[in-house]
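Student: There's a structure below that I have some questions on.
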Amino acid sequence: MSYMGIDTSDIDRMPRGGFRASCLDRLLETDRQEYLDRDDVDESTKNQVIGALDWTGRFFRNHQRFAAIALDLVADVADPRILELGAGHGGVSRQLLADHPSAQVTVTDLDPDSVARIAASDLGSHPRAEVRQMDATEIDAADDSYDLVLFALSFHHLRPSQAARVFAEGTRVAETLLIIDLPRPPAPLHLLRLATMLPMAAVLPFVHDGVISSLRSYSPSALRSLASHADPSIELTLRGGLNLPQIVIARNGR
Ligand SMILES: C[S@@+](CC[C@H](N)C(=O)[O-])C[C@H]1O[C@@H](n2cnc3c(N)ncnc32)[C@H](O)[C@@H]1O
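Per my numbering, the very first residue in the sequence shown carries number 1438; after that it's consecutive.
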């Protein structure tokens, strides 16, 4: 498999900054896992991270912003069927349901505790919501079951071969896959961002996971290699900026 003459067959060896990442950029990555991904961490620590994500999403209106980006992509569909992967707290799905009068939303996460918490919330009894456990790399749904798949602030959790699977699976079950994630800034700016976060990482679980997320974020060039590795016919549109989330819109050219 190749993207712009680069062999992507050993995709797990790709640096998060892409195959042509600079030496400094290659240093700014880690194999360490976030608290959210670890089995040896207290449930209360994970709950703190998920709670902080939900709070910041509401406070900084990211839930609203993410829902608006998603709904814009299905503006032409009367009653859109939307699948949210890695929903964590369910805040973005809740916003989707509030902002669209007839959207059907399937709210999912890999983590059974998160799924149980979402199911016990208002989303569990919402007439247009279904709450399920689901792995983004192996979506349990038939081809073209949805109009849109959304994966927010979660893509960096996956190593490259798993991330490529999300491109393949997301564009199999829906016409459009929307990934929203942390941007990977140029290495000197990335270093600055990390330096401002590091002092608090030892005391605040949310910042600890934020530092690791930053180190694991994919660059635009890496995202293109991942999509091409998944299926060269996937068409990508990338938007974002230094301080804006990285927005990835993927469609299968089939
Ligand atoms: C940082 S949280 C993001 C929560 C929420 N989407 C948001 O915007 O705040 C990442 C979530 O991705 C989930 N996750 C990790 N690997 C996953 C996978 N393979 N499939 C589905 N969800 C996954 C985690 O359980 C976690 O809830």
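The beta carbon of each residue, even a glycine, is placed where N, CA and C say it ideally should be. From a predicted model like this one, the values you see are computed outputs, not experimental measurements.
Closest to LEU1673 by C-alpha separation, out of ALA1505, ASN1680, ARG1688, would be which residue?
Tutor: On the sequence shown, residue 1673 is found 236 positions in, with the first residue counted as 1. When each option's Cα is compared against that of LEU1673, the closest is ARG1688.
Student: Which term fits THR1545, buried or exposed, when burial requires 16 or more other beta carbons within 10 angstroms of its beta carbon?
Tutor: Position 108 of the sequence shown holds residue 1545. THR1545 comes out buried.
Student: From what residue to what residue does the beta strand (DSSP E) around LEU1679 run?
Tutor: Sequence index remark: in the sequence shown, residue 1679 carries index 242 (1-based). It is not in any beta strand (DSSP E) - LEU1679 carries neither H nor E in the DSSP assignment.
Student: Got a sec: does ligand 1 put a non-hydrogen atom nearer than 8 Å to the Cβ of VAL1400?
Tutor: A query on residue 1400 cannot be resolved here, the shown segment of the chain reaching from 1438 to 1691 and no further.
Student: Just curious, the beta strand (DSSP E) that LEU1614 is in, first and last residue?
Tutor: Against the sequence shown, residue 1614 aligns to sequence position 177. Looking at the DSSP string, the run of the beta strand (DSSP E) that includes LEU1614 is 1611-1618.
Student: If the criterion is Cβ atoms closer than 9 Å, does the pair PRO1625 and LEU1461 meet it?
Tutor: Along the sequence shown, one-based indexing puts residue 1625 at 188. Along the sequence shown, one-based indexing puts residue 1461 at 24. For PRO1625 and LEU1461, yes; Cβs fall inside 9 Å.
Student: Mind reading off the beta-carbon distance from GLY1527 to LEU1560? Whole number of angstroms is fine, and I expect it under 8 Å.
Tutor: Your numbering for residue 1527 matches position 90 in the sequence shown. Your numbering for residue 1560 matches position 123 in the sequence shown. Contact flag correct, Cβ pair sits at about 5 Å.
Student: Got a sec? Which residues, its chain only, sit under 8 Å from VAL1478 by beta carbon, not counting five neighbours each side?
Tutor: As a position in the sequence shown, residue 1478 is number 41, starting the count at 1. TYR1472.
Student: Tell me whether ASP1546, by its Cβ, gets closer than 8 Å to a heavy atom of ligand 1.
Tutor: On the sequence shown, residue 1546 is found 109 positions in, with the first residue counted as 1. Yes; taking the cut-off as 8 Å, the Cβ of ASP1546 has a heavy atom of ligand 1 nearer than that.
Student: Check for me: the alpha helix (DSSP H) holding THR1482 runs from which residue to which?
Tutor: As a working mapping, residue 1482 is identified with position 45 in the sequence shown. Per DSSP, THR1482 belongs to the alpha helix (DSSP H) from 1480-1496.
Student: Who are the near neighbours of VAL1542 in its chain, counting only those whose CB is closer than 7 Å to its CB and skipping five residues on each side?
Tutor: As a working mapping, residue 1542 is identified with position 105 in the sequence shown. The residues are ILE1519, GLU1521, SER1530, LEU1533, LEU1534, ARG1565, ALA1566.
Student: Comparing alpha-carbon positions, which option in ALA1605, ASP1468, ASN1499 lies nearest ILE1686?
Tutor: What you label residue 1686 is simply residue 249 of the sequence shown in a count that begins at 1. Among ALA1605, ASP1468, ASN1499, the Cα nearest to that of ILE1686 is on ALA1605.
Student: Excluding the 5 residues flanking ARG1755 on each side, which residues of the same chain have their C-beta closer than 6 Å to its C-beta?
Tutor: The requested residue 1755 is not part of the displayed model; the chain covers only 1438 to 1691.
Student: Using DSSP with H/G/I as helix, E/B as strand and the rest coil, what is ILE1385?
Tutor: In this structure the chain extends from 1438 to 1691, so residue 1385 is not present and cannot be described.
Student: Determine the contact status of PHE1503 and PRO1682, defining contact as a CB-CB distance below 9 Å.
Tutor: Within the sequence shown, numbered from 1, the residue matching residue 1503 stands at position 66. Within the sequence shown, numbered from 1, the residue matching residue 1682 stands at position 245. Yes, the pair counts as a contact, with Cβ atoms nearer than the cut-off.
Student: Could you pull the DSSP bridge partners for GLU1521 from this structure?
Tutor: Translated into positions along the sequence shown, residue 1521 becomes position 84. Residue pairing of GLU1521 in beta bridges, as defined by DSSP: VAL1544, LEU1587.
Student: So does ASP1646 have its beta carbon nearer than 8 Å to some heavy atom of ligand 1?
Tutor: Start at 1 with the first residue of the sequence shown, and residue 1646 comes out as number 209. Checking the Cβ of ASP1646 against ligand 1 gives yes.
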